[in-house]
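Since the structure comes first, as structure tokens, the remarks are kept for the end.
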Amino acid sequence: MSTGYSRVAGAIERLRGAQPSVGHAKAARLGPDWHMREALLVRDHLDVIHLLIERPDDSPRIDPLLGDAFPVTWLEASAESPHERIDIACSDSELRPTFFSLIGEMLDRVEATRHSVYFELAAVVEDWRRALERVRLRTSRQQAVGLFGELVVLKEIAAVRPADALKLWRGPDGYRHDFFSVNALEVKSYLGLDSPSVTIHGAHQLDPPVKGRLHLAALRLEENAAGQTVAEILDELEELGLHRGALRGRTTPDAPLVDDAQFRFIVAERRLYEVTDDFPGIRASKLDPAALSGVARLSYQLLLDTCPSPRPVEEFTQVLEHL
Numbered sequence: 386m387s388t389g390y391s392r393v394a395g396a397i398e399r400l401r402g403a404q405p406s407v408g409h410a411k412a413a414r415l416g417p418d419w420h421m422r423e424a425l426l427v428r429d430h431l432d433v434i435h436l437l438i439e440r441p442d443d444s445p446r447i448d449p450l451l452g453d454a455f456p457v458t459w460l461e462a463s464a465e466s467p468h469e470r471i472d473i474a475c476s477d478s479e480l481r482p483t484f485f486s487l488i489g490e491m492l493d494r495v496e497a498t499r500h501s502v503y504f505e506l507a508a509v510v511e512d513w514r515r516a517l518e519r520v521r522l523r524t525s526r527q528q529a530v531g532l533f534g535e536l537v538v539l540k541e542i543a544a545v546r547p548a549d550a551l552k553l554w555r556g557p558d559g560y561r562h563d564f565f566s567v568n569a570l571e572v573k574s575y576l577g578l579d580s581p582s583v584t585i586h587g588a589h590q591l592d593p594p595v596k597g598r599l600h601l602a603a604l605r606l607e608e609n610a611a612g613q614t615v616a617e618i619l620d621e622l623e624e625l626g627l628h629r630g631a632l633r634g635r636t637t638p639d640a641p642l643v644d645d646a647q648f649r650f651i652v653a654e655r656r657l658y659e660v661t662d663d664f665p666g667i668r669a670s671k672l673d674p675a676a677l678s679g680v681a682r683l684s685y686q687l688l689l690d691t692c693p694s695p696r697p698v699e700e701f702t703q704v705l706e707h708l
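Residues 386 to 708 (the numbering used here) are what the sequence shown spells out, left to right.
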């Protein structure tokens with residue numbers, strides 16, 4: 386008798402090969418032998434994996450509360466399926482092992498109880514929630530890393546330009562760079578030693594201000610018990626007159642002020658670059674406007690080792706003074 390995990394493995398194997406074309410998808414049956422179409426594993430043209438499960442007519446809709454990691458949608462009955470179906474998607478390749486493992490456990494329960502796949506989905510909700518808690522922790526660390534670097538620099542600006550520090554950080558109505566006035570500074574923080582890279586958001590983030598200069602500061606952080614937390618840096622900023630309430634007024638839902646006291650970091654290395662014409666990366670100013678038509682939420686990895694030689698670290702204070 387095949388296990389749920391082997392059924393998932395077989396379905397994955399059937400989904401391998403050429404990627405589906407736009408508007409199409411590959412599907413592999415996952416349901417039990419007595420109703421194989423009850424559950425499908427689907428791979429779409431964006432390489433997103435979907436679990437589709439038919440809802441029996443006598444069963445109410447369930448809400449697994451799976452959050453953004455595994456978004457849930459409902460598909461109306463159609464020629465492909467006479468029943469409404471729940472669609473649970475997994476777009477993050479790092480989460481696929483967990484996604485497939487939980488599907489396997491669900492199928493094993495179906496084999497043991499002879500219940501519908503839809504019924505057993507509710508039984509594994511707690512497993513899904515535990516997986517999401519791990520995602521939440523990872524997201525929390527990522528947020529802390531990014532915010533830590535910005536606040537370190539904000540504290541340094543407050544030391545040389547105390548009256549200007551708050552207004553130089555972000556913008557209350559949206560912003561392109563982390564610190565800007567006439568000139569701009571973008572701060573990126575990252576963990577790890579191998580092939581250092583930072584995430585660039587959008588086609589405008591590496592475009593200097595009009596008639597101004599842009600520098601990129603890349604801070605390599607290390608988790609260290611002797612380091613500081615975001616909350617501790619916020620306390621130090623409070624002592625410098627930059628209160629949490631004022632800082633929150635400069636944030637957005639996409640980049641919130643996370644008052645984290647869990648993760649401790651030290652700045653292990655600092656690189657400073659001036660973003661000139663020969664600097665790598667995507668820049669809207671160098672593209673035909675039509676090239677970005679229909680493009681949203683663009684982000685990509687910039688490999689720091691491919692960038693020109695960093696500026697001397699001693700110039701960092703000068704950059705802050707001349708923002």
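For each residue, glycine too, the CB sits at the ideal point set by N, CA and C. Quick caveat: nothing in here was measured; it's all calculated off a predicted structure.
Helix, strand or coil, according to DSSP, for residue i in the structure here?
i	result
threonine 691	helix
glycine 612	strand
aspartate 429	strand
tyrosine 560	coil
valine 704	helix
phenylalanine 455	coil
glutamate 461	coil
leucine 450	coil
arginine 555	coil
alanine 410	strand
serine 684	strand
alanine 675	helix
alanine 669	helix
arginine 633	helix
alanine 550	helix
arginine 392	helix
arginine 696	strand
valine 595	coil
aspartate 620	helix
leucine 400	helix
leucine 539	helix
arginine 649	coil
alanine 588	coil
arginine 440	coil
Opposite residue i in the DSSP bridges: which residues?
i	result
tyrosine 575	Arg605
histidine 600	Leu570 and Glu659
serine 582	Leu688
alanine 640	Thr637
histidine 435	Val427 and Ala474
glutamate 654	Arg605
phenylalanine 565	Ala569
Around the C-beta of residue i, are 16 or more other C-beta atoms found within 10 angstroms, so that it is buried, or is it exposed?
i	result
tyrosine 503	buried
tryptophan 459	exposed
arginine 682	exposed
lysine 671	exposed
lysine 596	exposed
tryptophan 419	exposed
glutamine 590	buried
aspartate 592	buried
arginine 633	exposed
valine 567	exposed
glycine 534	buried
proline 563	Per the sequence presented here, residue 563 reads as aspartate, with proline not at that position. By the neighbour-count rule (16 or more Cβ atoms within 10 Å), aspartate 563 is buried.
histidine 600	buried
threonine 483	buried
alanine 675	exposed
aspartate 673	exposed
valine 407	exposed
glycine 531	buried
alanine 603	buried
aspartate 645	buried
phenylalanine 571	Correcting the residue identity first, residue 571 is glutamate in this sequence and not phenylalanine. Classification of glutamate 571: buried, given that the 10 Å Cβ count is 16 or more.
leucine 687	buried
arginine 446	exposed
glycine 389	buried
valine 545	exposed
arginine 401	exposed
valine 583	buried
serine 501	buried
valine 615	buried
Inspect the CB distances between the region 643–653 and the region 608–627 and report whether three or more fall short of 8 Å. The way I'd put it, the region 643–653 does touch the region 608–627; three or more beta-carbon pairs between them come closer than 8 Å.
Would you be able to state if there are at least three C-beta pairs under 8 Å between the region 525–541 and the region 626–644? The answer is yes - the region 525–541 touches the region 626–644, with three or more Cβ pairs under 8 Å.
Segments assigned alpha helix (DSSP H), at least 4 residues, entirely inside the region 464–536: Taken in chain order, the unbroken stretches of alpha helix (DSSP H) that lie wholly in the region 464–536 and span 4 residues or more are 481–498 and 502–508.
Could you say if the region 488–499 and the region 572–583 meet the contact criterion of at least three C-beta pairs nearer than 8 Å? The region 488–499 makes no contact with the region 572–583, as fewer than three CB pairs between them are under 8 Å.
Would you call the region 475–493 and the region 418–437 touching, i.e. three or more CB-CB distances under 8 Å? Contact holds: three or more Cβ-Cβ distances are below 8 Å.
Would you check if the region 685–705 and the region 651–662 touch, i.e. whether three or more CB-CB distances between them fall below 8 Å? By the Cβ criterion, the region 651–662 is in contact with the region 685–705, since at least three pairs of Cβ atoms, one from each stretch, lie closer than 8 Å.
How about the region 436–445 and the region 454–470: do they share at least three Cβ pairs that are nearer than 8 Å? As far as the Cβ criterion goes, the region 436–445 touches the region 454–470, which means the pair count is three or higher.
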